[in-house]
Amino acid sequence: MIKQYPGYEQYEVANIEDYGYKEHRLTKKIFKVFRAIVIIFAVFLMYIPIFTIFLQSINSSTITSEFGQITFKWYANIFDKGSLLTAIRNTVFISIWATLISTVLGTLFAIGISTLERKAKRHIMLLNNIPLLNADIVSGIGLMLIFSSLIHIFPYFFGWRTMLLAHIFFTLPYVVLSVLPKLRELDPNLFEASLDLGVKPYPSLYKVIIPAIKAGIFSGMILAFTMSFDDFVISYYTTGNGFDNLSIWIYSSMGRKSLSPSVYAFSTLVTILFFILLIITNLLRGRKQHHENH
Numbered sequence: 040m041i042k043q044y045p046g047y048e049q050y051e052v053a054n055i056e057d058y059g060y061k062e063h064r065l066t067k068k069i070f071k072v073f074r075a076i077v078i079i080f081a082v083f084l085m086y087i088p089i090f091t092i093f094l095q096s097i098n099s100s101t102i103t104s105e106f107g108q109i110t111f112k113w114y115a116n117i118f119d120k121g122s123l124l125t126a127i128r129n130t131v132f133i134s135i136w137a138t139l140i141s142t143v144l145g146t147l148f149a150i151g152i153s154t155l156e157r158k159a160k161r162h163i164m165l166l167n168n169i170p171l172l173n174a175d176i177v178s179g180i181g182l183m184l185i186f187s188s189l190i191h192i193f194p195y196f197f198g199w200r201t202m203l204l205a206h207i208f209f210t211l212p213y214v215v216l217s218v219l220p221k222l223r224e225l226d227p228n229l230f231e232a233s234l235d236l237g238v239k240p241y242p243s244l245y246k247v248i249i250p251a252i253k254a255g256i257f258s259g260m261i262l263a264f265t266m267s268f269d270d271f272v273i274s275y276y277t278t279g280n281g282f283d284n285l286s287i288w289i290y291s292s293m294g295r296k297s298l299s300p301s302v303y304a305f306s307t308l309v310t311i312l313f314f315i316l317l318i319i320t321n322l323l324r325g326r327k328q329h330h331e332n333h
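Going left to right, the sequence shown walks through residues 40 to 333 as the working numbering numbers them.
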C-alpha cells in the first residue's frame with residue numbers, strides 16, 4: 040500500500056501480515072500440539088505397564104484377559120503363599136545388605152577418586168563405568184565362572200553368598216556416580232581446615248565430609264537398592280542351592296499354569312514404596328536448595 044504525505048517521500052506502509060506473523064502463530068500452535076502429543080505418548084508408554092499391573096492386582100478373576108469385580112483380596116493373600124513369602128524375604132535380605140555394603144564401599148571409593156589427579160581420575164572413572172555399560176548377561180556369566188572356579192574350595196558357596204557378592208559388584212558403580220558430583224561441589228579446603236583445627240583425619244571424614252555429601256550418599260543408596268531389588272539376569276546366573284529372589288521366583292512361576300495374582304499386588308506395593316521414596320528424596324533436595332538460597 041503506497042501513501043503520499045506532504046513533505047515526505049513516498050513510502051510503503053508495512054502490514055504485520057507481510058512479515059509472516061500469522062504463519063508464525065500457526066507454527067507455534069502446531070508445535071505446541073505436537074509437543075503435547077509426544078509428551079502424552081511418552082508418559083503413556085512409561086506408565087501403561089504399571090497401570091496394567093495395578094488393574095490385575097484388583098481383578099477378582101485369575102484370568103488376565105478377563106476383568107471381574109474390583110477386589111483387594113490379593114493384597115491380603117500376599118503372605119499366604121509360602122514360596123512367595125520366602126522369595127520376598129530373600130529379595131529384601133539381599134537388597135538391604137548389598138545396598139549397605141555398596142554404599143559404604145562406593146562412598147569411600149568416590150572420596151578416594153576425588154583426591155586423585157585429573158588424568159588418574161579419568162582412568163579410574165573409566166574402570167568404574169565399564170560395568171555399567173556392560174551387558175547384564177555378560178556380567179552374570181562372568182561372575183558365574185568366577186564362582187564356579189571356587190566351588191572345589193567352598194562346596195556350599197553358591198546361594199545367597201554368591202548372589203550378595205554379585206549385587207555388590209553391579210550396584211557399587213552407581214553409588215560412586217551418585218557421590219562424586221557432591222564431592223566436586225565440596226570446598227577442597229574444608230578437610231584441610233578441619234585438620235588445622237586439630238581434628239584427626241578419620242573423625243574429619245565422618246564429621247565434616249560425610250555430612251556435606253549425605254544427599255549424594257542417600258541418592259546412591261536408593262539407586263543401589265532399586266537396582267538390586269528388581270535384578271534378574273545377574274541373580275539368575277549367580278544363585279544356587281534353591282535360593283531364589285522375587286524375580287527368579289516370578290520367572291519360574293511363569294512356566295507353570297499361571298502367575299499368582301498376589302504377585303501383581305506385591306508389585307503394586309513395591310511401586311508405591313519406590314514412589315514414596317522418590318517423593319522424599321525430592322523433598323529433601325528441595326529443602327536443601329531452599330536453605331542454600333536463603
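For glycine and all other residues, C-beta sits at the position ideal for the given N, C-alpha and C.
Look at the region 106-131 and you find these whole runs of alpha helix (DSSP H), each 4 residues long or longer: 112-115. Excluding five sequence positions before and after L203, the CB atoms of its chain that fall closer than 7 Å to its own CB belong to I133, W136, A137, given in chain order. Cβ-Cβ separation between I256 and T142: approximately 6 Å, consistent with a contact (criterion under 8 Å).
Judged by DSSP in its simplified three-state form, N228 adopts helix.
Within the DSSP bridge table, the entry for N280 names no partner.
With contacts defined by Cβ atoms closer than 8 Å, I163 and L155 form a contacting pair. Two segments are said to touch when three or more pairs of C-beta atoms, one from each, lie closer than 8 Å; by this definition the region 176-188 does not touch the region 221-230.
As the crow flies, the alpha-carbon of F282 is around 21 Å from that of L139. In the three-state DSSP reduction, N98 falls in the strand class (E or B).
Close CB contacts of L124 within its chain, under the 7 Å cut and outside five residues either way in sequence, are with F118 (chain order). When secondary structure is reduced to three states using DSSP, D269 falls in the coil class, being assigned neither helix nor strand. Residues of the same chain with a CB within less than 8 Å of the CB of T320, apart from the 5 flanking positions on each side, are F257, S258, I261 in chain order.
Around W113, the same chain offers S96, P300, S301, Y303, A304 as residues with beta carbons nearer than 7 Å, after the five sequence neighbours per side are excluded. With contacts defined by Cβ atoms closer than 8 Å, N284 and T130 form a contacting pair. Here DSSP, grouped into helix, strand and coil, assigns P242 to helix.
Shown here, L65 sits in a helix according to DSSP, grouped into three states. Its chain contains I89 as the residues whose beta carbon lies nearer than 7 Å to that of T310, once the 5 sequence neighbours on both sides are disregarded; these appear in chain order.
Leaving aside the five residues that flank F268 on each side, the residues in its chain whose CB is nearer than 7 Å to its CB run, in chain order, T130, S134. Judged by beta-carbon spacing, A254 lies within the 8 Å limit of L323, meaning their Cβ atoms are closer than that value. For the options F106, R128, S99, A126, the alpha carbon positioned closest to that of A115 is the one of S99. Out of S217, I92, G151, the CA that lies nearest to the CA of A263 is found in S217. Counting along the chain, the unbroken alpha helix (DSSP H) around F186 starts and ends at 175-188.
Exclusion of the five residues before and after S286 leaves D269, D270, F271, S274 as the residues of its chain whose Cβ lies within less than 7 Å of its Cβ. With a cutoff of 8 Å on beta-carbon distance, A232 and T277 are scored as not near each other. Under the 10 Å beta carbon count, T210 is surrounded by 16 or more other beta carbons and is classified as buried. Each of K246, S292, I152, I207 was checked against the Cα of L166, and the nearest Cα belongs to I152. Secondary structure of P88 (DSSP, three-state): helix. Under the DSSP assignment, Y290 falls in the alpha helix (DSSP H) whose first and last residues are 285-293. Where L172 is concerned, the enclosing alpha helix (DSSP H) starts and stops at 157-172. Take S122, set aside five residues on each side of it, and the residues of its chain with a beta-carbon closer than 7 Å to its own are W288, in chain order.
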